[in-house]
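Taking numbering that gives the first Met the number 0, the leading residue of the sequence shown gets 0, the next gets one more, and so forth. Input: a single structure, listed below in structure tokens.
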Amino acid sequence: MKTVLKVSLASLALLTLSTQVDAANWLMLQGSQPKFVAPKGVKVPYRNKKPKIWGFIQANYKKDFGKVLVKGGKNKTPFSLLNPDLQSQSGFNIFRARIALRGMADNNNKVNYFIMTDFANNGVNNLFGHRNVATYFTDASITLKYIPYAKVRVGKFKYPGSEEGLQAVFVSPYIDFTTMSNQQLLERFVTNVTSNGGGLYTSKNMDQPVGAFRDDGIQIFDTIDISNKWTASYAYMHGNGSGISFKASDKQATDYAYLALEKNFGGGRGYYTNCMKFYVWGQSGKRYLISGTTPINANRKRSGLGAMYYNHGLRLEAEYMKASGMIFNGPKDIEANPLVENWQAQYAVGDENKADGGYLNAQYELFPKKFELLARYDFENRLTNSVKGERDFRTLTLGASYRFKGATRIDFNYLIRDAKAPGNAKAQSLLDKNLGNRAEVQITMAFK
């Protein structure tokens, strides 16, 4: 097993309550209003019940340098097309457009709320080109803070898990998720499936949004001061296992657990807080599928660990993740008409199916809080239990980020991509001829 260090680009506080001292503590930043603020250096209780309205827009241009192969009317190269609709190799896109409302409902700051919706062209609203009619609420939760060391959050929100998924997306200078997170953590939900043999199944339709690292459920969490600037954070969540779709059934019930240890070095705040963090997480749930008239009760397990360090403008991060059961095996075009693509999700369902992956990230600010260079190496070893089915992905992302003010900035990423099919010469030939690098530029505009 390969060992890796982790990623945590931080801080929802930049757009919400940027005076919070929590560095990369996403549990607190996203789930709880602060007890105190410090205007002009004077620490005072925070008792403003006026709702906080904020949001951000991310618009990008991407260009893929691979090749497209259509055989028998079906597209064999989804890896050479751009998300979310897999229709083109280049173009402009309004990737995220989110508006949020958060605040406290009482004078004692015992009841907090968080609501957010998405209007853009991404996996939430247009997964694989199957456009959803409605814009989805990605978050809608209430937090109760009556029990010492045990805050209770109920509703739809980010589950405690991978730092890459838990962090606020608008602060990251990386435009794409890492391969492991994108394929095995960012869940595509399927119900009716067709068997392809060998334990592989393809969905008959894609009528749900991507999971967006979220679920409906109840969470108990908090952060506890230890000593000498050290804090410990924990979270346990029981969810429906249905992502952000509007389903009130726990047929796919999933449990999530998270534990982190963090040290604040002092200085900076929000994204720029000088800190060090170590964490571990895990999740386990059921997935209910139907193939014809045959019900399939599958297990889905994910786990990971990581660490991050930020000080003097240097950010080092890494994370290692494992997956078993319900291994996403990529999108598949099932439409023989060469002028039409009907992308469906493929899954290797059984417990024997495994994957592991992770990433290493380094960022350095040449000009503090203004201009930084970045480099990230990520990998995924998918279906390591299958000789012919295994695919090993490697991506090196090089880039730069220029911040105008706060989270408003422009990011440039260049992805150097490679993939191997160690036990399948035919698949390797397809990858060698068609997989290419990718150039991306994105503007993030935040308001509050």
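Where is the CB? At the ideal position from N, CA and C, for every residue including glycine. This one's a predicted model, so the numbers in the text were calculated from it and none came from an experiment.
N-terminal and C-terminal residue of the beta strand (DSSP E) that residue i is part of
i    : result
E316 : L313 to S323
A399 : R390 to K404
L359 : K353 to F366
K372 : It should be noted that the sequence gives Leu, not Lys, for residue 372. From DSSP, the beta strand (DSSP E) with L372 extends over F370 to R381.
Y145 : No beta strand (DSSP E) holds Y145; DSSP gives it neither H nor E.
V279 : C274 to S290
K300 : T293 to N310
Residues of its chain near residue i, where Cβ-Cβ distance is below 8 Å and the 5 sequence neighbours each way are ignored
i    : result
D105 : K48
R213 : T137, D138, K155, F156, K157, Y158, G242 and I243
L185 : G122, G164, F176, V209, G210, A211 and F212
With 16 other Cβ atoms within 10 Å as the buried cut-off, status of residue i
i    : result
Y60  : exposed
E439 : buried
W25  : buried
S385 : buried
K228 : exposed
E351 : exposed
Y278 : buried
N191 : exposed
Y148 : exposed
V123 : buried
Residue closest to residue i, alpha-carbon to alpha-carbon, out of the options
i    : options                   : result
R299 : K432, K51, Y287 and Q343  : Y287
T396 : A361, F264 and Q86        : A361
R402 : T383, A426, Y200 and F366 : F366
Y346 : A167, G154, Y200 and Y271 : Y200
T293 : M179, N111 and T193       : T193
A420 : G291, K262, R375 and N380 : N380
S171 : I442, S202 and K34        : I442
M205 : L80, K404 and Q343        : Q343
beta-carbon residue i near the ligand NAP non-hydrogen atom, thresh 6 Å
i    : result
D332 : For the ligand NAP, the structure offers nothing, since it holds no ligand at all.
Inter-residue Cα distance where the pair is residue i and residue j
i    : j    : result
N239 : G281 : 16 Å
Q29  : Q218 : 13 Å
S428 : G422 : 12 Å
D117 : M275 : 32 Å
N195 : G349 : 13 Å
N433 : E318 : 29 Å
N328 : N273 : 39 Å
Q182 : Y309 : 28 Å
T407 : G72  : 43 Å
I225 : F64  : 51 Å
F378 : Y358 : 6 Å
F176 : A335 : 30 Å
S31  : L430 : 46 Å
A259 : A231 : 6 Å
A424 : D417 : 15 Å
P77  : M179 : 16 Å
Y257 : H237 : 12 Å
First and last residue of the uninterrupted alpha helix (DSSP H) at residue i
i    : result
A424 : A424 to N433
G30  : W25 to G30
N124 : G122 to N125
G460 : Here the chain covers residues 0 to 447 and nothing more, so residue 460 does not appear.
L165 : E162 to L165
Sequence-distant residues of the same chain with beta carbon closer than 7 Å to residue i, five excluded per side
i    : result
K250 : Y287
N121 : P83, F94 and R95
Beta-carbon contacts of residue i that lie in its chain and below 6 Å, excluding the five residues immediately before and after
i    : result
Q207 : F188 and S244
K353 : S323, T383 and N384
D84  : N125 and G128
M115 : R97, A99, T137 and D138
A399 : L372 and F411
R152 : G30, S140, T142 and Q218
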